[in-house]
Every structure is written in structure tokens, then in C-alpha cells.
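Everything below concerns the one structure shown next.
There are 2 protein chains.
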Amino acid sequence: MTAFGWQPIYARRADRMKASEIRELLKLLERPGIISFAGGIPDPELFPAAAAAQAYGTALAIEAGASAALQYSVSEGYGPLRHWIADHMAAHGVRASADNILITSGSQQGLDFLGKLLLTPGDTALVTAPSYLGALQAFSAYEPRYDTIRPEQSNRTPASYADAAAKEAPGALVKFAYVVPDFANPTGETLSQAARSRLLDLAAELDVPVLEDSAYSALRFEADDVPSLQALDLSRCGSLNRSRVVYLGTFSKTVAPGLRIGWICASRAVIGRLVLIKQASDLNVSVINQMVMHQLVDKGAHAQLIAKARAHYRPKRDAMLVSLRTQMPSAVTWTKPQGGFFVWVTLPEAVSGYSLLSRAVEETKVAFVPGAAFFHDGSGANTIRLSYSLPKPAMIEAGISRIAALLR
Amino acid sequence: MTAFGWQPIYARRADRMKASEIRELLKLLERPGIISFAGGIPDPELFPAAAAAQAYGTALAIEAGASAALQYSVSEGYGPLRHWIADHMAAHGVRASADNILITSGSQQGLDFLGKLLLTPGDTALVTAPSYLGALQAFSAYEPRYDTIRPEQSNRTPASYADAAAKEAPGALVKFAYVVPDFANPTGETLSQAARSRLLDLAAELDVPVLEDSAYSALRFEADDVPSLQALDLSRCGSLNRSRVVYLGTFSKTVAPGLRIGWICASRAVIGRLVLIKQASDLNVSVINQMVMHQLVDKGAHAQLIAKARAHYRPKRDAMLVSLRTQMPSAVTWTKPQGGFFVWVTLPEAVSGYSLLSRAVEETKVAFVPGAAFFHDGSGANTIRLSYSLPKPAMIEAGISRIAALLR
Numbered sequence: 001m002t003a004f005g006w007q008p009i010y011a012r013r014a015d016r017m018k019a020s021e022i023r024e025l026l027k028l029l030e031r032p033g034i035i036s037f038a039g040g041i042p043d044p045e046l047f048p049a050a051a052a053a054q055a056y057g058t059a060l061a062i063e064a065g066a067s068a069a070l071q072y073s074v075s076e077g078y079g080p081l082r083h084w085i086a087d088h089m090a091a092h093g094v095r096a097s098a099d100n101i102l103i104t105s106g107s108q109q110g111l112d113f114l115g116k117l118l119l120t121p122g123d124t125a126l127v128t129a130p131s132y133l134g135a136l137q138a139f140s141a142y143e144p145r146y147d148t149i150r151p152e153q154s155n156r157t158p159a160s161y162a163d164a165a166a167k168e169a170p171g172a173l174v175k176f177a178y179v180v181p182d183f184a185n186p187t188g189e190t191l192s193q194a195a196r197s198r199l200l201d202l203a204a205e206l207d208v209p210v211l212e213d214s215a216y217s218a219l220r221f222e223a224d225d226v227p228s229l230q231a232l233d234l235s236r237c238g239s240l241n242r243s244r245v246v247y248l249g250t251f252s253k254t255v256a257p258g259l260r261i262g263w264i265c266a267s268r269a270v271i272g273r274l275v276l277i278k279q280a281s282d283l284n285v286s287v288i289n290q291m292v293m294h295q296l297v298d299k300g301a302h303a304q305l306i307a308k309a310r311a312h313y314r315p316k317r318d319a320m321l322v323s324l325r326t327q328m329p330s331a332v333t334w335t336k337p338q339g340g341f342f343v344w345v346t347l348p349e350a351v352s353g354y355s356l357l358s359r360a361v362e363e364t365k366v367a368f369v370p371g372a373a374f375f376h377d378g379s380g381a382n383t384i385r386l387s388y389s390l391p392k393p394a395m396i397e398a399g400i401s402r403i404a405a406l407l408r
Numbered sequence: 409m410t411a412f413g414w415q416p417i418y419a420r421r422a423d424r425m426k427a428s429e430i431r432e433l434l435k436l437l438e439r440p441g442i443i444s445f446a447g448g449i450p451d452p453e454l455f456p457a458a459a460a461a462q463a464y465g466t467a468l469a470i471e472a473g474a475s476a477a478l479q480y481s482v483s484e485g486y487g488p489l490r491h492w493i494a495d496h497m498a499a500h501g502v503r504a505s506a507d508n509i510l511i512t513s514g515s516q517q518g519l520d521f522l523g524k525l526l527l528t529p530g531d532t533a534l535v536t537a538p539s540y541l542g543a544l545q546a547f548s549a550y551e552p553r554y555d556t557i558r559p560e561q562s563n564r565t566p567a568s569y570a571d572a573a574a575k576e577a578p579g580a581l582v583k584f585a586y587v588v589p590d591f592a593n594p595t596g597e598t599l600s601q602a603a604r605s606r607l608l609d610l611a612a613e614l615d616v617p618v619l620e621d622s623a624y625s626a627l628r629f630e631a632d633d634v635p636s637l638q639a640l641d642l643s644r645c646g647s648l649n650r651s652r653v654v655y656l657g658t659f660s661k662t663v664a665p666g667l668r669i670g671w672i673c674a675s676r677a678v679i680g681r682l683v684l685i686k687q688a689s690d691l692n693v694s695v696i697n698q699m700v701m702h703q704l705v706d707k708g709a710h711a712q713l714i715a716k717a718r719a720h721y722r723p724k725r726d727a728m729l730v731s732l733r734t735q736m737p738s739a740v741t742w743t744k745p746q747g748g749f750f751v752w753v754t755l756p757e758a759v760s761g762y763s764l765l766s767r768a769v770e771e772t773k774v775a776f777v778p779g780a781a782f783f784h785d786g787s788g789a790n791t792i793r794l795s796y797s798l799p800k801p802a803m804i805e806a807g808i809s810r811i812a813a814l815l816r
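Protein sequence lines correspond, in order, to chains A and B. Numbering of the first sequence is given in the working numbering, commencing with residue 1 and proceeding in unit increments. Numbering of the second sequence is given in the working numbering, commencing with residue 409 and proceeding in unit increments.
Spelled out as C-alpha cells, the structure:
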């Protein structure tokens, strides 16, 4: 008997599912001696391992606690953590209550759920170019068309976006605009307040939601916070339950990604819909991990972890920017992030990021992500993303020197 | 300014997302004094809380371990756990290696991923009636048509299924058959080996995969195991990488659901596709939970937990069956499960399971699930699902007496 043939059985959407270069690159990290500027991976030196060990012990020591910690639970998430997050949002200009919060398996799951809730095949998702690769992967499963927004320039009219969307399929609509406004993945750039206002204007004229991916916003090294899109929208519409902005938060960059805990903050109506999606997708986030995360962030501990993380990553950012300035040929340019994990490098027109990566890994044991992976439109061949989060400053200098040598 | 209007922005699939009665019923459990025969919830008395506390401590005590436990990881899952599961599958008649295994957030996530991988809107999913509600919810997000299989009767031809599927939409196909062959949710019934063979015949003639949901199979109280559909298919096709059967396993009923760990065992080709879906959906299952689960099941501990669970649930099953026999009016019938959590009760034609539930909760403080929730076709109004997993035997007797009194 022949082997079963899977190809004809796959859904149409399977054509759009590709392996993530970033996830594949994680495997390179296992090679000894590699200097990795690849994935947006927090430095494990910062993980609160001792506090986590204590918190797991506490969650399992109490009789009733152990039962709850290891049992199924409600899809919305663990009550005390939802309350903590609501207070955290309020401290950042968004008056929220627990019923505005859904706990997700990292903010990646929030992106998947929002694609699932909003996208009918052929609908348009407005994204930046480049954009967070994981968001494109999450959305692509729901077969959207992509169109490009440039919030700092805002060079197209709402009508031109709507018209292009309607041409794609009968009844197709622009369904949302997705942005990473702070220390963006992959560019490291932050949207100005004026750009945020323009983006909200565009969304209002198109009458669509804005998905605000806030993964890196806590990791600011200098200057003042720019208000979140959700906070800015609240000052327009009056309250979260009237807002068009859906905010995606995560503890992965400030506490630890291994617990897989993020959240969505949005109007009650949307949270109610997303809870149904959570039920159908995986019932609930691990309860014990939610209890432990609550302990790890409660009573000021989150602020301390953030302060420590800022102090830890800032010198790494500095080392990378200094090395780039002193090592790179003049035809190479890059962004100057005020926070987060990433510097975005534009190579000379003729240099391919993929080819450079292949040479860098083979000849000099340095890894990074080719920028083209982050473009929905196939552009960006001569760009690369460098993450300074993992290597120590001396290694950052060594790694940048090696890349620069390949470009000279 | 008016509130943002979400309704026109939702995807078409949102029409098919409904709240789960079971998940909503979980909230009833918080009422004091209620006897619950509702959700398929394991008894927390069985949770290995002390072993879990020790395992979390171990995972976080070792320097390198803590870094890995709290970090991102590969989407396939934690290597040692995948190897353990491959050995476990081999011990149950399915020769598998680690690359045949994907770790999922419970088997619920496996169901969601298989819907995502296989269903284009309008395709047909073959299911039993009744069927596990969570599977219907997971699949429905991908907008299938449902058609009913009756593996114990097999009373329709392959052509009749294919023809009905093709009428639904241009290019629409039967994409899979989904079953819970052992101690099914919701009926408690187990497919005979002959029925399994007939189901594999039907799948072969239609040339579609079979999704085998094995959530309860370990909890057998008596008689011999029936070989899994995957094991039976291997004896037809020769090897797992040639098999049409996708097996969904979980630790939720034998260890604890709170860690959210299940798995899919299937041909390498399918696992490769599902890994891409895992990447895009939520990157990876919590690493620390995977490490802890590995410790909790390794070195014979899983077999001990299963033995303990069988000894624990069997008297509960007995209490329920005895109570039903002695208490119920003669017009009521029910299944006699050889394992698992559920008894399926058929009420007199004119009695609605929903009405009975509402009376049971309000008048006698007993909860269960109306059977209609498990039917894709709107039938089953006079059925209810009783789970004996949670209450103690004396409470089971009391609860059945109270329901019986409402029916007399």
C-alpha cells in the first residue's frame, strides 16, 4: 500500500504557511562559539529564577492552591492577574477593569486570535513594511491581502486603501491597522506622537480597529514615553469600551518568555469574542504559570525587573551603536533605537541580507536575521536586523567587527 | 464621539463561535453545595502536587536549566518529552520517533491546529453525533460543513459522503473523520475493533485522514484495550510516516490539565506542517511546564498515576451505574462505560435536557451538561451527559437520586 498523500487534503491557507527564519535561526544558537544577533530573545541572566522557584512552591504548597493551580480554569484568565494587568494599564493612561483583559499564551497568541476574529479571506490588513514577522505569520493563516501604511509619512488617502481592499474580493474590507509603535520589531524605531495621531485619524476615516503591539514598550533607555495609541484613543473616544484600539501586552521581554503569558486589553465586547476563541483554541493558559506570573510582578516587583532590564540592555545598545559607527563602511546606515532589542541596518543596494548571513555564519560565526523576512511585499533585500539583547558588550563589538569586515 | 462599532469588522467565521455550555458551567462549580456532573474535569485529589513542586524546583535549580526553562524554545517541543512520548506510543503499538511528535497546549490545541491545517471553508468534517463539543468548536472556526458517521453501523457509502461534500461549495472535499474511540466524550462508549476497521475502510475509500482523539484511553477500568486506530492503520500501511491517522494525546486526564500539555503523533510530513502552525499561533508550549511534565511521567511514574486514577474513578463509575439502575424511571436509558469519565443518558422523548438542567440547578443543586450541545445537527434534545469524575461516590448517589426525583 502506498503512503497516504497529504497534499490534496491541506486547506488552501496552508500555501501561505512558511517556516520562520527567526525560529529556524534559534537552532544556530546551539552551535558553540556563535555570536547571535538573531531572535528577539531576552537575556536569561535577567530571569528571576529564584523568585520563580519560590512562587511555584507557594502555588503548590497551599492545599486549595495546588488543586486550582493544576486544574482547568476559565478561559478569560486568572482573576488576580487580570486585575493586576488592569491596574498596570491604568497606570499607563488606560482606565481598564479586569473584564477588559484576556490572558493569552504570549502576545503571539493574541495576534493569532485577532486574525481569527477579524479576517475573512481576501480582507486587507494594513501593516508597516517592514513589520514583525510573527504577526505576518499569524495573520497569513487567515488569508488576508496586505497593504502598507507609513505612519510617519501618511502618504495615502483613506479612500485609496479602501478602494484597493474592495478590488481584492467581493465584500472585502480593510479590517485593521497593525503596528509596533515602540522600539519596533524589526526596526527599533518609535512612532512620534504626531504619527500616532495620524494613524488614529486614518483608522477613524476607514472606521477600522488599530492593533497596538506593545512588546518592547517597557524597555525605554532614555527620553520620555510616548503615550500609547490606546491612551491617545481614549482621550478621543472617552473610554476603553468605546475604543477602536486593541492593545497587546506581554511579560516575555520584562519577566520571562518561558511561562508564555501575555494579554489583550480592549473593549469588553471584543474581549467577550476573544474569550470564545480562547475556549475553542486551547481552553486556558496554564493556571499555575498565571499564578506564578502574578507573584513575580505583584507588589512592585515588575517595576524592579523593568529597571534592571533597562540598565542591562542599555550598555549593549550603546556597544552596538558605537561599533557600527566605528566599524561600518560609509555606505551602510542604521537606526538609533531609544529602547528595545533591535537595530535595523540598511546595506548598500547591491548587497543581499541573505547572502551576508550565509557568509557571516559560515566564515565568521555571527548570526542575524535578513531583513527581507519582515516585508510582506518582497522588498528589503538589502536590510538586516541586529538584536543586541543576548551577547555581552565585548561580543557585540566583536560581532559587528566581523560583519563589517565582510562588507569592506 | 460614538463607540467604535465592532460588528461589521468581525470575520465571517465569528458567526459560528458560540460560548461553550461546559465552560460556562465551570462557573456553577463555584456555588457552594452544588453536586457537579458537568465538565470532564479530573479529580484534583489525584494531582501530583508534591512531585510537581519538586519538579519545578529541579527545573529552576540548575543554572543552565533555569535559563532554558524560562526562555523561548523550538516550536516542536522539549526534546526529552518528545522522546518519552515516542516511546509511550511505541509501547501502545505505534512505532514513532521524536520527529513524529508535536507538543501542544493540551489536545484542544491539537484539534484547533488540525482544523487550521485541513479545513478550507465549505469542506466537510465527518464527525459522530454526538461528538466532543470542544472539537466542534475548534473546527467551526474554519467554517466546515459537518456530516455524520456512525462507525458501529456504517450505514452510508463513501460515495454518498463525497457527493454531499461536493455539493456544498466548488472544490469542497471531505477532509477528515474525527472520532473519540475510547470512552468517548460525551457518550462513554468505546468503538469495537470491527467498527475501527470499518472506519479505516471508509477513510481509505474516501482517501481522507482519521483524527483519533485519545483523551480518555488510559482510564480503562476493565476488559482489554482495543488497539488504537493508529496502531490498526500501521498494520495496514506499514509505518507511521505512511499512515492516514493523526493521534491526539494528552496528560490532562492522567497527570493534570493545569500544565496544558498534550501532543499530536502523526507522520513526519504532517508534524512539519503543524510545527509551522504552532510557530504562528503561540511559538511554543511553556518550556518549564514541559520539563516538569517530563519529570512527572518519566521512570514509570506515568504508569503509577494511571493505576491510581483507574482505582480512583472506577468506584465512582460503579456508584453512578448502580444509582442509575436503582433510581431512574424505566423510560430512561444510559450507557455503561468501561472507563473514562462519562455516562450518557437518554431521557424520555418529551423531556428536554436543557429544561432538566435548569430545574436540577435551581431546585436540587445538581449540574450536568445537556446533550444537545454535542450534536452538530441540532438533535439530541432529550439527552444529558453525566460525569462521575469529580464527586465522591456518596455525592454521586445523592445527585442521581435528585435528578431521578425530577423525572418521576
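For glycine and all other residues, C-beta sits at the position ideal for the given N, C-alpha and C. Given the structure is predicted, the values throughout are model-derived calculations rather than measurements.
Cβ neighbour criterion (16 or more within 10 Å) applied to residue i
{"i": "D571/B", "result": "exposed"}
{"i": "R676/B", "result": "exposed"}
{"i": "N593/B", "result": "buried"}
{"i": "R325/A", "result": "exposed"}
{"i": "R12/A", "result": "exposed"}
{"i": "S444/B", "result": "buried"}
{"i": "I149/A", "result": "buried"}
Chain A within 8 Å of residue i, Cβ atoms only
{"i": "L884/B", "result": "This structure leaves residue 884/B out entirely; chain B is present only between 409 and 816."}
{"i": "W742/B", "result": "no"}
{"i": "M425/B", "result": "yes"}
{"i": "C645/B", "result": "yes"}
{"i": "Q638/B", "result": "no"}
{"i": "D520/B", "result": "yes"}
{"i": "N790/B", "result": "no"}
{"i": "L691/B", "result": "yes"}
{"i": "S651/B", "result": "yes"}
{"i": "K773/B", "result": "no"}
{"i": "S475/B", "result": "yes"}
Under 8 Å by beta carbon: chain B residues contacting residue i
{"i": "P393/A", "result": "What P393/A touches in chain B: nothing, since even the nearest Cβ is about 19 Å away."}
{"i": "T120/A", "result": "A419, R420, R421"}
Same chain, Cβ closer than 7 Å to residue i, neighbours up to 5 away in sequence not counted
{"i": "M728/B", "result": "V751, L794, Y796, I804, I808"}
Under 7 Å from the C-beta of residue i: neighbouring residues of chain B
{"i": "W6/A", "result": "A677, V678"}
{"i": "K175/A", "result": "I417"}
{"i": "L117/A", "result": "Y418, A419, A422"}
8 Å Cβ shell around residue i - same chain, five flanking residues per side excluded
{"i": "A51/A", "result": "Q295, L296, A301"}
Interface partners of residue i on chain A, CB under 8 Å
{"i": "Y480/B", "result": "L26, G39, I41, S252, P257, G258"}
{"i": "V751/B", "result": "The premise fails here: V751/B is roughly 20 Å from chain A at the closest Cβ pair, so nothing lies under 8 Å."}
{"i": "V616/B", "result": "I9"}
Sequence-distant residues of the same chain with beta carbon closer than 6 Å to residue i, five excluded per side
{"i": "L259/A", "result": "N289, M293"}
{"i": "N649/B", "result": "S675, R676"}
{"i": "F139/A", "result": "G115, A125"}
{"i": "G122/A", "result": "E168, A169, A172"}
Contacts that residue i makes with chain A (C-beta to C-beta distance below 7 Å)
{"i": "Q746/B", "result": "Residues of chain A passing the Cβ test: none, with the nearest at roughly 24 Å."}
{"i": "Q545/B", "result": "Q279, A280"}
{"i": "G514/B", "result": "D282, L283"}
Residue-chain proximity (residue i, chain B), Cβ-Cβ < 8 Å
{"i": "V322/A", "result": "no"}
{"i": "I277/A", "result": "yes"}
{"i": "S36/A", "result": "no"}
{"i": "P44/A", "result": "yes"}
{"i": "R82/A", "result": "no"}
{"i": "A165/A", "result": "no"}
{"i": "Y216/A", "result": "no"}
Beta-carbon neighbours of residue i, restricted to chain A and to distances below 9 Å
{"i": "R681/B", "result": "W6, Y10, A14, M17"}
Within 9 Å of chain B by C-beta, residues of the stretch 286-309 of chain A in sequence order = S286, V287, I288, N289, V292
message = For the stretch 51-64 of chain A, list every residue whose C-beta sits within 8 Å of some C-beta in chain B, in sequence order.
response = A52, A53, Y56, G57, L60, A61
query = Between the stretch 138-155 of chain A and chain B, which residues of the former have CB atoms less than 8 Å from a CB of the latter, in chain order?
reply = A138, S140, A141, Y142
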